[in-house]
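Heads up, the sequence shown is in our numbering, so the first residue is 1341 and it goes up one at a time.
Read through the structure below, which is laid out as structure tokens, and then see the notes.
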Amino acid sequence: MAGVGLSWPSKLTRRPHHFVAIAIFFWFRCAVKMTVTVDEKKTTFTLKKSEEAFNAAKELMPGGVNSPVRAFKSVGGQPILIDSVKGSHMWDIDGNEYIDYVGSWGQQLLVLAPLAETMKKGTSFGAPCLLENVMAEMIISAVPSIEMVRFVNSGTEACRGVLRLAPAFTGREKIIKFEGCYHGHADPYLVKAGSGVATLGLPDSPGVPKAATAPTLSSPYNNIADVELLFETNKGEIAARNSGFITPKPDFLNALCRITKENGALIFDEVMTGFRLSCGGAQEYFGINLDLTTLGKIIGGGLPVGAYGGRREIMVMLAPAGPMYQAGTLSGNPLAMTAGIHTLKRLKEPSQYDYK
Ligand SMILES: Cc1ncc(COP(=O)(O)O)c(C=O)c1O
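This is the structure we're talking about:
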């Protein structure tokens, strides 16, 4: 669970009875729900500039936003446009100050000073840089299953990458995705996961060709019997299974590990859990041996970074080491790597995961 609470800009702190607004974000099964409650008595609080800017944005960008959850649709109200953030506080364009419990979904910027230094040298080289080695070493040393890593620009790209890599390695085309889990917006993941269509790949969004989701099988999370049935009825065809962030029943993950050892590959989507549940992610926390991992969000420290990695023998399938093509103009760019490196350094400091 994460949330945003409103505190007062200095000009309002002398009016303790004025308007209070609290926005609470709930993360539940990789979905966001937000509620906003407003105390009508506090009339000096205004979101006028946010409202005007959002109305203008709606004419310029579909829905006024560049990522759907930011539109507040499932919770009502309208988006607050943020002007700046510092530590645990953020300010909107009307000058209201908030306590930031969201932290940009786990990737709040911790690293302004090193970024400024890197920026002096350039923001993108279109060529390799040493920072990529540093960041790769940090990820490989932290995440148990990763022996080699490929950097991309988002969690979606990372999840898209393993979707091609696992079939490329195993020679099998089908994947199992767990119901209700979000793995970015690549076509094969946009599958309606209702129980009635548990084994049919039906697209969730218009524009996704049926053929793109045909290889996607879906299964309820934590139901190993269903998984076994899918493997039985699709013998030799399933390349991968993909796990989201729902607390696994005891032994569910171990059973997945056992089944996929002989039949395909086990993938953990750790875009949410990587470097958060523990430094080595959910796989370290639960002690699971798997084949491929996707990362995003926090590893970019506020800049657009995603990564996927796994066993060396799988990763060398990737071009230019191997035949599986995937590329990116800004992948591994110096700014993103700097933000990532300094964020991961902070996460390595003692006491970061004391709740374990
Ligand atoms: C588990 C998981 N995988 C993948 C993604 C996609 O990441 P991105 O939004 O960086 O493309 C998300 C985004 O919320 C996610 O929660």
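The C-beta atom is built at its ideal place from N, Cα and C for all residues, glycine as well.
All of these numbers come straight from a predicted model, not from anything done at the bench.
Spatial neighbours of residue i in its chain, beta-carbon cut-off 8 angstroms, leaving aside the 5 residues before and after
| i | result |
| --- | --- |
| Gly1627 | none |
| Val1537 | Residue confidence for Val1537 is low, a pLDDT of 33 falling below 50, so the modelled location carries little weight; the figure read from the coordinates is stated next. Taken in chain order, the residues that qualify are Ser1558. |
| Thr1539 | Residue placement at Thr1539 cannot be trusted, given a pLDDT of 40 that sits under 50; the coordinates are not used to answer. |
| His1429 | Ser1347, Glu1437, Tyr1438, Ile1439 and Asp1440 |
Range of the contiguous alpha helix (DSSP H) that encloses residue i
| i | result |
| --- | --- |
| Gly1662 | Unbroken run through Gly1662: none, as it is neither H nor E. |
| Arg1500 | Gly1495 to Thr1510 |
| Lys1688 | Pro1674 to Lys1688 |
| Tyr1709 | The structure shown does not extend to residue 1709, since the chain is modelled only from 1341 to 1696, so the question has no answer here. |
| Ala1595 | Phe1592 to Glu1602 |
Supposed contact pair residue j and residue i - C-beta distance, whole angstroms, cut 8 angstroms
| i | j | result |
| --- | --- | --- |
| Thr1633 | Gly1646 | With 8 angstroms as the limit, Thr1633 and Gly1646 do not qualify as a contact, their Cβ atoms being about 11 angstroms apart. |
| Leu1643 | Ala1679 | 4 angstroms |
| His1525 | Thr1496 | 5 angstroms |
| Met1655 | Met1488 | 4 angstroms |
| Phe1491 | Glu1477 | About 13 angstroms; that fails the 8 angstroms criterion. |
| Gln1623 | Pro1484 | 6 angstroms |
Host beta strand (DSSP E) of residue i (start-end)
| i | result |
| --- | --- |
| Gly1547 | Looking at the DSSP string, Gly1547 is not in any beta strand (DSSP E), and its letter there is neither H nor E. |
| Asp1566 | Careful: Asp1566 lies outside any beta strand (DSSP E), inside the alpha helix (DSSP H) at Ile1564 to Thr1573. |
| Arg1490 | Met1488 to Val1492 |
| Lys1517 | Lys1514 to Phe1518 |
| Leu1658 | Element bounds for Leu1658: n/a, residue is neither H nor E. |
| Phe1608 | Ala1605 to Asp1609 |
Own chain, CB closer than 6 angstroms to residue i, minus 5 neighbours either side, in chain order
| i | result |
| --- | --- |
| Ala1482 | Cys1619 and Gly1620 |
| Ser1535 | With a pLDDT of only 32 at Ser1535, under the threshold of 50, the placement of this residue in the model should not be trusted; the figure read from the coordinates follows. Nothing listed; no residue qualifies. |
| Ile1607 | Val1502, Ala1580, Asn1582 and Leu1632 |
| Arg1652 | Glu1487 and Met1488 |
| Glu1689 | none |
Close beta carbons around residue i, own chain, < 7 angstroms, minus the five adjacent residues each side
| i | result |
| --- | --- |
| Met1664 | Arg1504, Leu1505, Ala1508, Met1657 and Leu1658 |
| Gly1682 | Contrary to the premise, residue 1682 reads as His rather than Gly in this sequence. Leu1450, Val1451, Pro1454 and Gly1641, listed in sequence order. |
| Leu1421 | Ser1390, Ala1393, Phe1394, Asp1432 and Ile1433 |
| Leu1387 | Ile1420 and Asp1434 |
Any non-hydrogen atom of ligand 1 closer than 7 angstroms to residue i Cβ
| i | result |
| --- | --- |
| Cys1499 | yes |
| Met1488 | no |
| Ser1494 | yes |
| Lys1517 | no |
| Gly1621 | no |
| Tyr1665 | no |
| Gly1443 | no |
| His1682 | no |
| Gly1524 | yes |
| Val1502 | no |
| Lys1637 | yes |
| Met1677 | no |
| Asp1609 | yes |
| Met1459 | no |
| Gly1614 | no |
| Gly1672 | no |
| Gly1627 | no |
| Gly1646 | yes |
Heavy atom of ligand 3 within 7 angstroms of residue i beta-carbon
| i | result |
| --- | --- |
| Ile1439 | Although ligand 3 was asked about, the structure shown includes only ligand 1 as ligands. |
#### Entry: Uninterrupted alpha helix (DSSP H) stretches inside the region 1443-1485 (no shorter than 4 residues)
1443-1446, 1452-1461 and 1470-1482
### Query
Which parts of the region 1393-1450 are runs of the beta strand (DSSP E), unbroken and 3 residues or longer, counting only runs that do not cross its ends?
1422-1426, 1429-1432 and 1437-1440
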